Every structure is written in C-alpha cells, then in structure tokens.
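Chains as they are written, first to last, in this note's numbering: chain A, 4 to 310; chain B, 4 to 310. Down below is the structure, laid out as structure tokens.
Number of protein chains: 2
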Amino acid sequence: MSRVVILSGGVGGAKLVAGFAELLAPEELTVIVNTGDDFTHWGLRIAPDLDTVMYTLAGLAHSEQGWGLEGDRFTALAMVERYGGPSWFRLGDRDLATHLVRSEALRAGATLTAVTARLCAALGVGQRLLPMCDEPRRTVFDTTTHGALSFQEYFVRHRFQPVLRSIRFEGAQEPTEAVLAALAEAQLVVFAPSNPYVSIDPIVTLRGVREVLERRRVVAVSPIVRGAALKGAAAKMMLELGEDPSAAAVARRYRGLVDLLVVEEGDGFAADELGVQVHETSTIMRTLADKRRLAAEVLERGEDQCG
Amino acid sequence: MSRVVILSGGVGGAKLVAGFAELLAPEELTVIVNTGDDFTHWGLRIAPDLDTVMYTLAGLAHSEQGWGLEGDRFTALAMVERYGGPSWFRLGDRDLATHLVRSEALRAGATLTAVTARLCAALGVGQRLLPMCDEPRRTVFDTTTHGALSFQEYFVRHRFQPVLRSIRFEGAQEPTEAVLAALAEAQLVVFAPSNPYVSIDPIVTLRGVREVLERRRVVAVSPIVRGAALKGAAAKMMLELGEDPSAAAVARRYRGLVDLLVVEEGDGFAADELGVQVHETSTIMRTLADKRRLAAEVLERGEDQCG
Numbered sequence: 004m005s006r007v008v009i010l011s012g013g014v015g016g017a018k019l020v021a022g023f024a025e026l027l028a029p030e031e032l033t034v035i036v037n038t039g040d041d042f043t044h045w046g047l048r049i050a051p052d053l054d055t056v057m058y059t060l061a062g063l064a065h066s067e068q069g070w071g072l073e074g075d076r077f078t079a080l081a082m083v084e085r086y087g088g089p090s091w092f093r094l095g096d097r098d099l100a101t102h103l104v105r106s107e108a109l110r111a112g113a114t115l116t117a118v119t120a121r122l123c124a125a126l127g128v129g130q131r132l133l134p135m136c137d138e139p140r141r142t143v144f145d146t147t148t149h150g151a152l153s154f155q156e157y158f159v160r161h162r163f164q165p166v167l168r169s170i171r172f173e174g175a176q177e178p179t180e181a182v183l184a185a186l187a188e189a190q191l192v193v194f195a196p197s198n199p200y201v202s203i204d205p206i207v208t209l210r211g212v213r214e215v216l217e218r219r220r221v222v223a224v225s226p227i228v229r230g231a232a233l234k235g236a237a238a239k240m241m242l243e244l245g246e247d248p249s250a251a252a253v254a255r256r257y258r259g260l261v262d263l264l265v266v267e268e269g270d271g272f273a274a275d276e277l278g279v280q281v282h283e284t285s286t287i288m289r290t291l292a293d294k295r296r297l298a299a300e301v302l303e304r305g306e307d308q309c310g
Numbered sequence: 004m005s006r007v008v009i010l011s012g013g014v015g016g017a018k019l020v021a022g023f024a025e026l027l028a029p030e031e032l033t034v035i036v037n038t039g040d041d042f043t044h045w046g047l048r049i050a051p052d053l054d055t056v057m058y059t060l061a062g063l064a065h066s067e068q069g070w071g072l073e074g075d076r077f078t079a080l081a082m083v084e085r086y087g088g089p090s091w092f093r094l095g096d097r098d099l100a101t102h103l104v105r106s107e108a109l110r111a112g113a114t115l116t117a118v119t120a121r122l123c124a125a126l127g128v129g130q131r132l133l134p135m136c137d138e139p140r141r142t143v144f145d146t147t148t149h150g151a152l153s154f155q156e157y158f159v160r161h162r163f164q165p166v167l168r169s170i171r172f173e174g175a176q177e178p179t180e181a182v183l184a185a186l187a188e189a190q191l192v193v194f195a196p197s198n199p200y201v202s203i204d205p206i207v208t209l210r211g212v213r214e215v216l217e218r219r220r221v222v223a224v225s226p227i228v229r230g231a232a233l234k235g236a237a238a239k240m241m242l243e244l245g246e247d248p249s250a251a252a253v254a255r256r257y258r259g260l261v262d263l264l265v266v267e268e269g270d271g272f273a274a275d276e277l278g279v280q281v282h283e284t285s286t287i288m289r290t291l292a293d294k295r296r297l298a299a300e301v302l303e304r305g306e307d308q309c310g
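Written as structure tokens, this is what we have:
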C-alpha cells in the first residue's frame, strides 16, 4: 500500500514526482502516468510521459529540456534524416534503446505495465510506475484549422498552434487492475501540476477511476500560474475551449474529484461552491529544493486537511 | 544493361566490389547480394551483407572490422545491455538508423529491393544493389554439436565453432525479377571471393539462376588461399563437409557455373576435367590499389578468355 499515489503527465508532473521521491521511501510512492500521448514512430512504441517520469526517477533525465536523457546524442536521428526518414520527433541514441526494448517486449506479449516495471528495475527505480492502461488510449485534438490531430502532430509537429474545438480519447477505456488497486489503497492521491486536459483527464476518465477517487483524499496542484501555463499549452487550450485560464478554471475542471487545490501565491479564489479548499503557496519548481518543499507542503496539507 | 554483375556476400566480397567501383562508371556495375544471413534482432530487419556492400560503396564502411560504419558509437547498445536486452550482435548508433528505416519501409509494404534502392540513393550510391530475393531465405546450419543453428547463432554467437553436418536454405526459392534480368543482360558475371557455401550458394541455388549463369561468362575469385580462408570460416566448413580446403575444391563447387577461376599465386591446379580455366595472381586485397588491380585483372581475363 502506497502512502502517496501521484497522477502525472510528463515534464511538470515529473518535477513534483522528483520532489516526492526526495521525501518518501521508494515503496511509499506510486506514480500513475498518462499514456494518451503514446505513439508509434519509426516502428517503435514510444511512451513520452512514462519515459520522462522514469528517467527523472532514475536520475537520467535531461536537466533542462524536459524530455530525453542528459548528454544523449542524436547520431541515429541524423542518419535517419539522411535517409529521408521523419526526424520531427527527436529520439536520442540512448533513448532509442528504451523504445527498442519496450517494443520488442510488447511484441513478445508483455503488457506495458510489465515492461515498464522491467525497465524501471533495470534503471534502479524503486518507486512503482504504472501506465494508466495497457491498451492504447489516444488523445485526439479536433481543431478548426487542421482537422483531427494526434497528440504528437498537435504538440510537436504543429507546436500546439492549431485552434482547438474539442479533445477526445480514443481506444481503451479500462485502467489496469494495478491502477485501480493503487488508487483504492492510497492514503493520499495527488494530481501533479500537469495539463488537466491531456495529462490528468485521460486518467480520470478511465472507467471506475472517478468512483474510487471520490472516496480518497485528493490534492491537486494547479499548473496555471497567474493566468498562464508554466510550460506547455494548458492556458491556450483553456481559452480555446471557452474557459478563462485560471486556477479557478482548474478547480472547476477537477470538481467533485479534488479536496484541496494548491495554487500559486496570489492565485487564490473563493471556491466554497465548488466544494474544494484552496491553498496558496509558491508552486514554481526550479530547483530540487523547490520540488521537495512543494511536495512536503502538499503532503502536509493533504494529510491534514482532507478526508 | 550492366557491364559487370557481381555476386557477393559481405566483407571479402565488398572488397572486390570496391575495386570494380574504382574501374567502372556506377551504371556499369550491379551487385547481387546474399540475404541468407538476414535476420530480425531487436525487432529490426537486419541485412548484414547488403549493408556491408552499401556502406562500402558509400564510403562509410569501417576500414578494419569489415562491418558497420567508420566512427560509429554504441551508446544505444550499451543502454539495451543495461536493460538486460541481447547485446551479442553489435549494432552501432548510426547503423541502427539503416535498420529502423528499412524495417519501417518493409512494414509499410515496400520490397527489400525497393527499400535498398532508396537507402542507396540517399547515400549517393550510384551502383545498383540487388538483394538476391525479396522474401526471407534463411541459411540453416545443421551441426553435430549444437543442433540446427541460424546464421547469426552459428557465426556471431558461437563464432563458427560448432561442427557442421550440412547447410541448407529455408524459405524463398525465387530470385527477384531484377536479379534474373541483371544476370541475363550481364556482359560478365563475377563471383566475389565470398564464402561459396553461405554467400554464393544461397544465390546460385535460387530457381532459374543456374540456367541463366550457364549462358553467361562467369569468373570466380577463390576465397581459399593456400588452404585457408582469408577471413571467415570457409576452410573450416570445407573440412567438416568432407572437402579439402583448396582452390580446387572451390572449382568443384562451382563446376558447370564458372568459366574461369582466379586463384592465388601458387594455388594453380590442373582443372581441365572440371571445364574451368585457372588463372593465378595475387588475390589478397589490403589496399584500395590491390582491390582495383584485382578487379582490373578479373575484368580483363573475363572479357578476354570466356564465352
């Protein structure tokens, strides 16, 4: 039984995960990771959020760019480019090994949950990393300008410039049993400051997840700081989907799921009618000390105030 | 119509191919390459002989080891190893790109012939490189010590130490139309000094190849020099299969196919009863000048004496 279960996407989420990893023993921490942006590229099964969290916990993540491995090189990519192959998704040489081993294991019949556990064990990651589901569940962006786009087309290829009409998820609707069990047993569930629409929604809309979350203490950290997303496209998405980009909009999005919303200093708002408490603090995580401090505050407030 | 069509395996064959590439305009040279040692590894389709010849003609081949690219690194391999994946076959980072692009194109329905042409064009290789067939045809080694072994198991994993009982080819029996057409139109066919059993036999035993070769001028270069293979396992194979390792045994192997056998100085023998002429010269190719000189001699003697 994990003391804390974090729901996370990639970059922003991994920062808070790193903070919790500083505070808790490995066996006290489980991370449920979005797989809605997984895709197949060069014939390889790529799970960007899983890898970002895994590399972060293994101490291998690139310290600045938020994806890939520190010091990785791109010689295979340059050669693929020379062959006229697609090079818009930047796969590093060492990163490639992750996708090769995972793809081979999946072809041999392993579940994504099992192969993730194997990769983590090999990298010495003691925390439990759970993909939200084993079967593909794909985020699809319906845009007014470019029609329906896959996650990587929208984010990487078009740098989230197409105008959104709606977001939907295609494919699997079932979380894994491991995900449901981890949530059912968690002392505290944390929504990392990931994009609510494309990192947290794909998880909480899986069958049975909302029901189990309603019975748990849940603290969310807002990814919106003073009307903008710290990283990524959340604020632009909110505007295009008819929301004001604010911590309050995040609270509305998480209504019924979250007991406490942690927001940036000065972003507080009266949220009594949403049934959610609001706690202001510094949510910007630049250093490991920032991450650890925010994680400690989430843990303290979560264990104090919820339930 | 090519002036010269070379049948080739990997390392030794690629040397003579390099010599011919020095002599002839690109459009005058076609190479038909053995694919009997192709295999699938890390989920990738690998064609070692095709790649060795392609890298050689592109000027990218490693100058000493006989496989892979000069200056290639092995960071992906080291990471696969860290994950506990198989690392006995040494795939370099840039080499990986070749296999990734090829595998993806094959999955998308391209023929091996078509994807080889595409890879060659991207690398500026103007000569025509033809895989012997588009469908898998696998060399199988029946051994007295290790049972049936695939090519890579026998050669790479067990370093050709298991004792051979016989060699057979499983799978496709049809060459491509491009192979048959190239042979039918060739002014001169050359068997490179590749292993007769596992580089040349897989090609000449394809349906219809022997018949078309019987109507063509064919010069073979013996890979056996003073009773030993210059590189690789040909001499050991011959012994285990009941032949003395000699240029004469190579002539017997190629009986009915070859008009002229080029052998090392001092390796000459009376071969009238085999219906083959023998020409002695220096066949050892260390430098590019060696390769060019041997190719020139094969060309001259082939065009002079055959037919």
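For each residue, glycine too, the CB sits at the ideal point set by N, CA and C. Since we're looking at a predicted model, the values are computed, not measured.
Check                                                                                                                                                                   : Outcome
Counting contacts by CB-CB distance shorter than 8 Å, is Leu-60(B) in contact with chain A?                                                                             : no
Thinking just about the alpha-carbon of each residue, which of Gly-87(A), Leu-133(A) and Val-224(A) is nearest to the one in Val-118(B)?                                : Gly-87(A)
Which residue comes first and which comes last in the beta strand (DSSP E) that contains Asp-145(A)?                                                                    : 140-146
Judging by CA-CA distance, which residue of Gln-68(A), Arg-121(A) and Leu-94(A) is the nearest neighbour of Ala-3(A)?                                                   : Lying before the first or after the last residue shown, residue 3(A) is absent from chain A, which here runs from 4 to 310.
State the Cα-Cα distance for the pair Phe-42(A) and Leu-183(B), rounded to the nearest angstrom.                                                                        : 41 Å
Looking only at DSSP bridge pairs, what is His-44(B) linked to?                                                                                                         : Leu-47(B)
Just how far apart, CA to CA, sit Ala-298(A) and Val-20(A)?                                                                                                             : 8 Å
Between Val-193(A) and the rest of its own chain, which residues show a CB-CB distance below 8 Å, the 5 nearest in sequence each way excluded?                          : Val-7, Val-8, Ile-9, Leu-10, Leu-19, Phe-23, Val-221, Val-222, Ala-223, Val-224, Val-301 and Gly-305
In the segment 225-256 of chain B, which residues sit with their C-beta less than 9 Å from some C-beta in chain D, listed in chain order?                               : As a matter of chain content, chain D is missing from the structure shown, whose protein chains are A and B.
Does the pairing of the segment 278-289 of chain B with the segment 173-192 of chain B give three or more beta-carbon distances under 8 Å?                              : no
With a threshold of 8 Å, are at least 3 pairs of Cβ atoms found where one atom belongs to the segment 125-142 of chain B and the other to the segment 62-73 of chain A? : no
Return no unless some Cβ of chain B is closer than 8 Å to the Cβ of Met-57(A).                                                                                          : no
Determine, using beta carbons only, whether Val-261(B) comes closer than 8 Å to chain A.                                                                                : no
Glu-303(B) to Trp-45(B), Cα distance in whole Å?                                                                                                                        : 45 Å
Looking only at DSSP bridge pairs, what is Glu-66(B) linked to?                                                                                                         : The residue you asked about is not Glu; residue 66(B) is Ser in the sequence shown. Answer is none; Ser-66(B) lacks a bridge partner.
Please list, in chain order, the chain A residues whose beta carbon lies closer than 7 Å to that of Tyr-86(B).                                                          : Ala-100, Val-104, Leu-122 and Ala-125
How many Å lie between Pro-226(B) and Asn-37(B) at the Cα?                                                                                                              : 16 Å
Check each candidate in Arg-256(B), Glu-138(B), Pro-89(B) and Arg-97(B) and name the one with the smallest Cα separation from Ala-113(B).                               : Glu-138(B)
Between which two residues does the alpha helix (DSSP H) containing Glu-214(B) stretch?                                                                                 : 212-216
Leaving out five residues before and five after Asn-198(B) in sequence, what residues of the same chain have Cβ atoms less than 8 Å from its Cβ?                        : Gly-12, Gly-15, Pro-226, Ala-232, Gly-235, Ala-236, Ala-237 and Met-240
Measuring alpha carbon to alpha carbon, tell me which residue in Ser-202(A), Met-288(A) and Arg-76(A) is nearest Val-228(A).                                            : Met-288(A)
Using a C-beta cutoff of 8 Å, does Arg-97(A) count as contacting chain B?                                                                                               : yes
Would you mind reading off the limits of the alpha helix (DSSP H) that contains Pro-199(B)?                                                                             : No alpha helix (DSSP H) holds Pro-199(B); DSSP gives it neither H nor E.
Quick one: Cα of Ser-169(B) to Cα of Gln-155(A), how far?                                                                                                               : 51 Å
Looking at Ala-108(B) and the ligand PLP, is the gap between the Cβ and the nearest heavy atom below 7 Å?                                                               : Absence of the ligand PLP is noted for the structure shown, with no ligands found whatsoever.
Would Glu-73(A) pass as an interface residue toward chain B - the criterion being a Cβ-Cβ separation below 8 Å?                                                         : no
I'd like the list of long-range same chain contacts for Asp-98(A), defined as Cβ closer than 8 Å, with 5 residues on each side in sequence excluded.                    : Asp-54, Gly-71, Leu-72 and Asp-75
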